[in-house]
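Residue numbers (this note's numbering): 14 to 831.
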């Protein structure tokens, strides 16, 4: 490098209003290439984003240089999903430049909030898994933990959800159609990803040859910490073809075939979770998991060998965390890279693996534990299948020596399920390769040890630990609910943004009439904001004076949105039967997406909309009950709904929800929880007090005992006239007169197919809990006091606390020194 280039110092960029105004104007002219007359609002958004991004660059470079100089250990967080939400507002909060940017834009005749609302949410996830990953990256940066997030840069992400006659219809989410000003493309960082081919074995060495190759190219996005100079990186991989164009075919006029290889290669990073109802879709999902694991591992090893000559320090300088089993192919891939490429012995390579990897499990449900057919792996990843066989053989030999003659134990813990179709158990592989495995709530961790990983807990005592999930207060209070955040600031200061336990100071204000009134005013303002949004998106008018009863989450039968519907219809029937009763006005709000191939969940969405249409069009319940489904739920929609919620529905069957984080976000914003003793609900109850939420239903032990003794849902149906009426209405076409049998499959699932998630078993207690909700809501002061106490008790649910525990107890990664 030229000495002049080495000594070059860039000009420091100012953070005052005038400097920001000049930067925005310059980017409009020189980056967007527009003048103020021809520029659209989106052009101004790009210019603004670039100006803010410029002010993160110095911090990011300084962070990287300090990490390198201090020779730190890094945590690499592998996740198939990231849901960061809008970047601009978070960057302004982290930099402390919101007011300066607001004033700079005002001088240019523009409104910051209007521009910020134009930013498209990155479509990089589906639900809680991706949002958790984003919260964790935010906390790593805020705490100064040297970390990198690795994932896939999906071109279309999951899908955009629209409703057509009440049915979910999926459309491509063109989140990149206008470009992404926050990312840096790194064309020099590319890795070859192999598929197919064959393995050539020569003694102890192996060569994976004759493969179909795809290139993985890096795109980097900054993850700034709040009130700190630290800025970490989210690195996403995009698939590109090794050859973009077959020129000979093109010159022959075969234009489609000429670009076929390019299109096929790029499918790997095209869509999040392609429909796996076909063999081709399943294979593409397999390729996605390996694609980003391989690219990420190659990148980590390149970084290591740029500094260190050998692998002796690898486990001291690198920690890899698997966020669920989607990245689990990183285990055999690291073995392949160490053994085949870097000529490390098998014994040393496996020892390094088990010191480097850690794994978070997010589910107890057997059907959600990822497995892959051996036959498919032998075809798509033949070298990795051989490595997994070798790992398994070595492991089972150890188990045999420790527990001789226990064939049943061998069958249960084997990495290969030897059933009708031999399948690789990715959760087993993740547990075996990791030095620590964590559950995400106390109950979830206990059930991991007692159920699906009981054998591994016996074989590796102390490996399975608990770290309860958390949420970032920056996104979910400071940004989502500025009215409440400013109220809290005025009374206890602003330190809660990085020390959420400071909210405990609000407990002394729970009985303060002036604070309570201001708290209600902030809630009402949020409810009006949501009412305006709902009117724009759905055309349905909802009253901010009503109780906002909210269930917002991915649609799945275990989350029991259907139980919510059963109560909704029950309430409708009760109002019609007793219209003169002083009913608490209630608006029931649903939001969430179903997987595109999940027929039952999509049918429940249709039921919700048909029930809502019937209720909303009935003048007899006007002013007493409304229901609405808010389409295309995502991070930005959540930040509108959550601050407005009065009641938070967390009603999964006990023992099925690993933790949940929506429960934490809603409680942090002053919503009271109605929920089962499941996931983190139990710990929220411990924090806020049972009297400040509405717990009902079976416990996890009750569920197991009821299944063992024989659960008879039809008996409950026959013995509860209120429930019977509701199910008969749904099954006979009360809400679908144009197609009376439309919802018969739902009723059959509850009565004829044993009601797997035990909605009917919990129905009576759920309805009783809803009556307790009405009773408390009639006492405005008591409700407000409970809401304030919920906010005050949320300190332990910060993602900062969770990341401190991960860094200290699992990763052993200290923060860098500034």
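Glycine included, each C-beta is placed from N, C-alpha and C at the ideal position.
Checklist entry - Hey, quick one: how far does the alpha helix (DSSP H) through residue 457 stretch, first residue to last? => result 455-463
Checklist entry - With which residues is residue 437 paired in a DSSP beta bridge? => result 385 and 429
Next on the checklist: Quick check on residue 16: does DSSP put it in helix, strand or coil?
Outcome noted: Here residue 16 scores only 46 on pLDDT, less than 50, and its place in the model should not be relied on; the value that follows carries that caveat. Residue state, collapsed to three classes: helix.
Item to check | DSSP-derived helix/strand/coil call for residue 141 | outcome: helix
Checklist entry - Which residue or residues does DSSP assign as beta-bridge partners of residue 561? => result By DSSP's assignment, residue 561 forms a beta bridge with 600.
Item to check | Where the beta strand (DSSP E) containing residue 352 begins and where it ends | outcome: No beta strand (DSSP E) holds residue 352; DSSP gives it neither H nor E.
Checklist entry - Is the beta carbon of residue 373 sitting closer than 9 angstroms to the one on residue 337? => result yes
Item to check | Unbroken beta strand (DSSP E) run spanning residue 686, endpoints | outcome: Here the beta strand (DSSP E) through residue 686 covers 685-688.
Checklist entry - For residue 284, which residues does DSSP report across the bridge? => result 170.
Next on the checklist: Just to confirm, is the Cβ distance from residue 730 to residue 767 under 9 angstroms?
Outcome noted: Going by beta carbons, residue 730 and residue 767 fall outside the 9 angstroms limit.
Item to check | Residue nearest to residue 556 in terms of C-alpha spacing, selected from 750, 153, 518 and 635 | outcome: Restricting attention to 750, 153, 518 and 635, the CA atom closest to the CA of residue 556 is found in 635.
Checklist entry - Rounded C-beta distance between residue 142 and residue 375? I'm assuming under 8 angstroms. => result 6 angstroms
Checklist entry - When we look at the beta-carbon of residue 574 and count the other beta-carbons within 10 Å, is it buried (16 or more) or exposed? => result buried
Item to check | Other residues of its chain near residue 830: CB distance less than 6 angstroms, five sequence neighbours each side excluded | outcome: none
Next on the checklist: Please state whether the Cβ-Cβ distance between residue 361 and residue 387 is less than 9 angstroms.
Outcome noted: no
Item to check | Any 3 or more C-beta pairs closer than 8 angstroms across the segment 98-106 and the segment 167-179 | outcome: no
Checklist entry - Where does residue 43 fall in DSSP's three states? => result In the structure shown, the three-state DSSP call for residue 43 is helix.
Next on the checklist: Assuming residue 779 and residue 560 are in contact, meaning their beta carbons sit under 8 angstroms apart, how far apart are those beta carbons, in whole angstroms?
Outcome noted: In fact, because the Cβ distance is near 16 angstroms, the residues do not count as touching under 8 angstroms.
Next on the checklist: Considering Cα atoms alone, identify which of 111, 127, 49 and 577 is closest to residue 836.
Outcome noted: The chain is shown only over 14 to 831; residue 836 falls outside these bounds and no answer can be derived.
Next on the checklist: Which same chain residues end up closer than 7 angstroms to residue 156 when comparing Cβ atoms and leaving out the 5 residues on each side of it in sequence?
Outcome noted: 813, 816, 817 and 828
Checklist entry - Is the beta carbon of residue 114 sitting closer than 9 angstroms to the one on residue 161? => result no
Next on the checklist: Would residue 674 and residue 378 be called neighbours here (beta carbons separated by less than 9 angstroms)?
Outcome noted: no
Checklist entry - Looking at C-beta atoms only, is the number of pairs between the segment 328-346 and the segment 433-447 that lie closer than 8 angstroms three or more? => result yes
Checklist entry - Rounded to whole angstroms, how far is the Cβ of residue 642 from the Cβ of residue 604, which I believe are closer than 8 angstroms? => result 7 angstroms
Item to check | Within 9 angstroms, strictly: CB atoms of residue 532 and residue 500 | outcome: Yes, the pair counts as a contact, with Cβ atoms nearer than the cut-off.
Item to check | is_contact[residue 487, chain D] using C-beta, thresh 9 angstroms | outcome: Looking at the structure shown, chain D is missing, and only one protein chain is on hand.
Checklist entry - Is the segment 606-619 in contact with the segment 144-153, if contact means three or more CB pairs nearer than 8 angstroms? => result Remark: fewer than three beta-carbon pairs, one from each stretch, lie closer than 8 angstroms, so the segment 606-619 and the segment 144-153 are not flagged as touching.
Checklist entry - Can the beta-carbon of residue 106 be found closer than 9 angstroms to that of residue 34? => result Contact: no.
Item to check | Nearest-angstrom beta carbon gap, residue 28 and residue 41 [assumed within contact, 8 angstroms] | outcome: Not a contact, Cβ separation roughly 19 angstroms.
Item to check | Reference residue 427, options 469, 82 and 623, closest by Cα | outcome: The option with the nearest alpha carbon to residue 427 is 469.
Checklist entry - How should residue 806 be labelled, buried or exposed, when 16 other C-beta atoms within 10 angstroms of its C-beta is the threshold for buried? => result buried
Checklist entry - Do residue 708 and residue 680 have their C-beta atoms within less than 9 angstroms of each other? => result no
Item to check | Local conformation of residue 184 per DSSP, three classes | outcome: strand
Item to check | Cβ distance (whole Å) where residue 206 is taken to contact residue 230 below 8 angstroms | outcome: Wrong, their Cβ atoms sit about 11 angstroms apart, outside the cutoff.
Checklist entry - Do residue 96 and residue 163 have their CB atoms nearer than 9 angstroms? => result no
Checklist entry - Contact check, residue 640 vs residue 543 under 8 angstroms by CB: the rounded distance? => result Incorrect: roughly 14 angstroms between the Cβ atoms, too far for contact.
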